[in-house]
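In the working numbering, the protein residues as written are 29 to 200.
Okay, here's the thing in structure tokens:
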């Protein structure tokens, strides 16, 4: 996918990630607390900043993440590249509220659908990543928390665990 803004500048995942990060900092703070909520309104705000549709912004994020999530474990211009991934994960949880399915069991199929991943088992490999010491899903949420903490914000997230729903507890 190649998307251009109104100035014919290519829109990258990194640019969208930064816009989502800035959305969190500007729109989702209360004092020093920050909330990683992301719904269709938030997606529209980010999309409008690029003069793109929400579908196009989702497509850019999905395209970037399609081969796995290990590449979000870097920083560009001092910003962790995990915020686009976290936004999509939270958006999947938000969209569950649009129908009668609100359980942890329904979350993975919704995320698989949004990300166009072939199966829930493949999604589990994305959650795990290529690390031995900590699963990628836990790492990126911890990275977001640490980054916001350095900026003076407090982000509450669940502690790492080993139970069955360990990956879905963060966005839910």
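Even for Gly, the Cβ is constructed at its ideal location relative to N, Cα and C.
Query                                                                                                                                                            : Result
Mind reading off the beta-carbon distance from residue 122 to residue 66? Whole number of angstroms is fine, and I expect it under 8 Å.                          : 7 Å
From residue 81 to residue 59, what distance separates their C-alpha atoms?                                                                                      : 31 Å
Give me whichever residues DSSP pairs with residue 61 in a beta bridge.                                                                                          : 58 and 182
Using C-beta distances below 8 Å, list every residue in its chain close to residue 191, excluding the 5 sequence neighbours before and after it, in chain order. : Low confidence applies to residue 191: its pLDDT is 48, below 50, so where it sits in the model is not reliable enough to give any reading.
So what does DSSP say about residue 45, is it helix, strand or coil?                                                                                             : helix
Taking all protein chains shown into account, decide if residue 182 is buried (16 or more other Cβ within 10 angstroms of its Cβ) or exposed.                    : exposed
Exposed or buried, what is residue 44 when buried is set at 16 or more other beta-carbons lying within 10 Å of its beta-carbon?                                  : buried
Rounding to the nearest angstrom, what Cα-Cα distance links residue 139 and residue 165 in this structure?                                                       : 13 Å
Do residue 51 and residue 74 have their C-beta atoms within less than 8 Å of each other?                                                                         : yes
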